[in-house]
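Let me begin by presenting the structure, written as structure tokens, before commenting on it.
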Amino acid sequence: GEDVEQSLFLSVREGDSSVINCTYTDSSSTYLYWYKQEPGAGLQLLTYIFSNMDMKQDQRLTVLLNKKDKHLSLRIADTQTGDSAIYFCAEREDDKLIFGTGTRLQVFP
Amino acid sequence: EAGVVQSPRYKIIEKKQPVAFWCNPISGHNTLYWYLQNLGQGPELLIRYENEEAVDDSQLPKDRFSAERLKGVDSTLKIQPAELGDSAVYLCASSRRQGNTGELFFGEGSRLTVL
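Top to bottom, those sequences are chains A and B.
Counted from 1, the first sequence has number 26 at position 19 by this note's numbering; the numbering is strictly sequential.
Counted from 1, the second sequence has number 1375 at position 32 by this note's numbering; the numbering is strictly sequential.
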């Protein structure tokens, strides 16, 4: 199967920007996604990007896609304590999503 | 619109006992997924349904796991008998089949602890 890789932890100060990185392997993926999971909850879709785009901005979120390197990143501007959670990137393969292992974001005051 | 509903939220059983999880997808969503999420890991697909047909069950351990989606709406995932290694969160998700960007909508999950 395809592997989606992420770093495990990221710690940032409140008000700073956070950048979460992801590498994927399926070059034919049409869409790539970022999901957020808070403790004890399911996954919530944050944003997605179509594979023919390089960048997508949605309020505090910026997604960058480098198809050549199969690298996806999520930038959160002005990170708040409420952003503390686990963030998963996912690629679409056929009609299912393949998820990374998740990056735990901790925001400290 | 109501989200994906799962029950029970938590279940504690002894090994070798059976357990069942139930999922009600978002109305109008043809595709239903069961994912397994182990502690500290991302979700992994167990089975995918298109309406009432299981179209991808290659990762479902069929010796002890079974699933059904009668009438193409609600779904049940069963484990019999449960083993210690089955302790995890079982996530249900749904999506529209046509004309969409493929995002999945997840329920809150059913957390299973096998003692």
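Cβ atoms here follow ideal geometry from the backbone N, Cα and C, with glycine treated the same way.
Remember, predicted model here, so these are calculated numbers, not experimental data.
Scanning its chain for C-beta atoms nearer than 7 angstroms, with the 5 sequence neighbours on each side dropped, one finds around E1426 (chain B) the residues K1358 and V1457, in chain order.
By the neighbour-count criterion, in which a residue is buried when 16 or more other Cβ atoms sit within 10 angstroms of its Cβ, G49 (chain A) is buried. Burial is judged here by how many other beta carbons sit within 10 angstroms of a residue's own beta carbon; V1432 (chain B) has at least 16 and is buried.
Two segments are said to touch when three or more pairs of C-beta atoms, one from each, lie closer than 8 angstroms; by this definition the region 1398-1411 of chain B touches the region 1372-1389 of chain B. DSSP places L1403 (chain B) outside both helix and strand once states are collapsed to three, so it counts as coil.
K1414 (chain B) sits in a helix when the DSSP states are folded into three classes.
Your pair Y55 (chain A) and L72 (chain A) does not check out as a contact, with CB atoms roughly 10 angstroms apart and the cut at 8 angstroms. In the structure shown, D90 (chain A) adopts helical secondary structure according to DSSP, grouped into three states. The DSSP-derived three-state label of L50 (chain A) is strand.
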